[in-house]
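For reference, the structure is listed below as structure tokens.
Protein chains: 2
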Amino acid sequence: MTEKQENILKSALKLFAQEGYASTSTSRVAKSAGVSEGLIFRHFKNKEGLLEAVLQMSMEAAKMHMADIVMTTDPKELIGKILELPFKIKEEEYEMWQLTYALKWQTDSYDTSSQEPLKLALRNAFEKLGYQNPAAEAELIYMFIDGAATSILLHPPEHKSEILNALKAKYQL
Amino acid sequence: MTEKQENILKSALKLFAQEGYASTSTSRVAKSAGVSEGLIFRHFKNKEGLLEAVLQMSMEAAKMHMADIVMTTDPKELIGKILELPFKIKEEEYEMWQLTYALKWQTDSYDTSSQEPLKLALRNAFEKLGYQNPAAEAELIYMFIDGAATSILLHPPEHKSEILNALKAKYQL
DNA sequence: TACATTTGTAAGTGATTACTCACTATTGTG
DNA sequence: CACAATAGTGAGTAATCACTTACAAATGTA
Numbered sequence: 000m001t002e003k004q005e006n007i008l009k010s011a012l013k014l015f016a017q018e019g020y021a022s023t024s025t026s027r028v029a030k031s032a033g034v035s036e037g038l039i040f041r042h043f044k045n046k047e048g049l050l051e052a053v054l055q056m057s058m059e060a061a062k063m064h065m066a067d068i069v070m071t072t073d074p075k076e077l078i079g080k081i082l083e084l085p086f087k088i089k090e091e092e093y094e095m096w097q098l099t100y101a102l103k104w105q106t107d108s109y110d111t112s113s114q115e116p117l118k119l120a121l122r123n124a125f126e127k128l129g130y131q132n133p134a135a136e137a138e139l140i141y142m143f144i145d146g147a148a149t150s151i152l153l154h155p156p157e158h159k160s161e162i163l164n165a166l167k168a169k170y171q172l
Numbered sequence: 000m001t002e003k004q005e006n007i008l009k010s011a012l013k014l015f016a017q018e019g020y021a022s023t024s025t026s027r028v029a030k031s032a033g034v035s036e037g038l039i040f041r042h043f044k045n046k047e048g049l050l051e052a053v054l055q056m057s058m059e060a061a062k063m064h065m066a067d068i069v070m071t072t073d074p075k076e077l078i079g080k081i082l083e084l085p086f087k088i089k090e091e092e093y094e095m096w097q098l099t100y101a102l103k104w105q106t107d108s109y110d111t112s113s114q115e116p117l118k119l120a121l122r123n124a125f126e127k128l129g130y131q132n133p134a135a136e137a138e139l140i141y142m143f144i145d146g147a148a149t150s151i152l153l154h155p156p157e158h159k160s161e162i163l164n165a166l167k168a169k170y171q172l
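Protein sequences, first through last, are from chains A and B. Mapping the first sequence onto numbering that gives the first Met the number 0, position 146 (from 1) lands on 145, and the numbers just tick up by one. Mapping the second sequence onto numbering that gives the first Met the number 0, position 37 (from 1) lands on 36, and the numbers just tick up by one.
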């Protein structure tokens, strides 16, 4: 991975997240990265290949988080960790999450398979705690962290910790 | 409002929602509506004007819903109605909601002002019910309905009613 | 009927799009 | 050093973009 290649990925992430994938031209990416436009196609084949490379790079860190959470055995601890997830997104991760959330609505790119392990772990946790409908509770939490992440990414609320506390209270945490 | 004008709006809504605003060309809209491309610019000035007209048309119904909810005086009834909101989106309203949710991520188009009356009503309701932190509770619910709507619009879950019940239980409804 | 206004079309416009190609510069390896 | 592979450039390409313009058809109104 050369320096110019990294610059392309960084610029692409920034522009795709800020302006949208479709509205960002490869020439804009090249200019922002300080390289010739042809280099993008040499390294990433086409615009879609560039997007995939950007997503792959961005998702490395996220996968580590997930793996850690899924390993948690204590059900209350697991639920707590998942609820905290959207409230602990770091500033430097904003762009990648903005991009992935925006792409959800691009019909062809949506893929739910990465959510499954987390949902399964959640369902097990609620089962252990004797909840009446563990599957529904898991879906519910998943819906919530989606909404919370959206809200935080678009207009970070001032009282995050109070909101998180109100939320945790609903699960006696 | 002529028939061709209506066709343009319908086609634009459909295509903007399915393919995205930036990736949908005015010529595609014209073809889909069965009109000449020039007519779009005659009636709506430019592509952005077309988008605004589409959104305005789509939002008429939504505003009626909101108005009804904000008038509700009983706090528990109000909270219940708001929680039900995303679960009661009609099939024929999917496209407009998909479009508005997708546009959220287009930085320049995001506007939170329409959310304020609802948030205020929610805060009052939680105050009446003696919740410790009504503002945080209102934010929390707002985050949730956002996530629920997203989830339902992208991949409608099978057990909506069970999820809604699990949710209502958290507020003793 | 007369005529102004609105609705609609077809064929353009220059700019920008994703992408290619012929070429040079740099680097790794025997 | 030799020389192949890789990295990088700059000037192309045809297609498509949002939008305009000149003109015709339909409609409202006196």
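In this text, a Cβ means the ideal position worked out from N, Cα and C, and glycines have one as well.
- Interface flag for residue 48 of chain A against chain B is unset, since no Cβ pair is found closer than 8 Å.
- The C-beta of residue 161 of chain A comes closer than 8 Å to at least one C-beta of chain B.
- The distance from the Cβ of residue 141 of chain A to that of residue 97 of chain A is about 19 Å, inconsistent with a contact at the 8 Å cut-off.
- Rounded to whole angstroms, the separation of the alpha carbons of residue 92 of chain B and residue 57 of chain B is 8 Å.
- Taking 8 Å as the cut-off, the beta carbon of residue 49 of chain B is found closer than this to the beta carbon of residue 11 of chain B.
- Closest in C-alpha terms to residue 169 of chain A, from the list A:149, A:143, A:154 and A:148, comes A:143.
- Contact between residue 165 of chain B and residue 139 of chain A holds, since their C-beta atoms are separated by about 5 Å, short of 8 Å.
- Rounded to whole angstroms, residue 53 of chain B and residue 20 of chain A show a C-alpha spacing of 22 Å.
- For residue 132 of chain A, there is no enclosing alpha helix (DSSP H), as DSSP marks it with neither H nor E.
- Its chain contains 23 and 98 as the residues whose beta carbon lies nearer than 6 Å to that of residue 15 of chain B, once the 5 sequence neighbours on both sides are disregarded; these appear in chain order.
- Between residue 146 of chain A and residue 79 of chain B, the gap from beta carbon to beta carbon reaches 8 Å or more.
- Looking at the backbone, the Cα of residue 86 of chain A and that of residue 44 of chain A are separated by about 37 Å.
- Chain A has a Cβ within less than 8 Å of the Cβ of residue 156 of chain B.
- By the neighbour-count criterion, in which 16 or more other beta carbons inside 10 Å mark a residue as buried, residue 100 of chain B falls on the buried side.
- Distance from the CA atom of residue 74 of chain A to the CA atom of residue 116 of chain A, rounded to whole angstroms, is 15 Å.
- The beta carbon of residue 59 of chain A does not come within 8 Å of any beta carbon belonging to chain B, so the residue lies off that interface.
- Residues of the segment 121 to 149 of chain A with a C-beta less than 9 Å from any C-beta of chain B: 130, 131, 132, 134, 135, 136, 138, 139, 141, 142, 143, 144, 145, 146, 147, 148 and 149, listed in chain order.
- Within a 10 Å sphere around the beta-carbon of residue 150 of chain B sit 16 or more other beta-carbons, which makes this residue buried.
- Residues of chain B with a Cβ closer than 7 Å to the Cβ of residue 111 of chain A are, in chain order, 154.
- The three-state secondary structure of residue 44 of chain B, taken from DSSP, is coil.
- When the Cα atoms are used, residue 124 of chain B and residue 172 of chain B turn out to be separated by approximately 13 Å.
- Less than 8 Å separates the beta-carbon of residue 103 of chain A from that of residue 153 of chain B.
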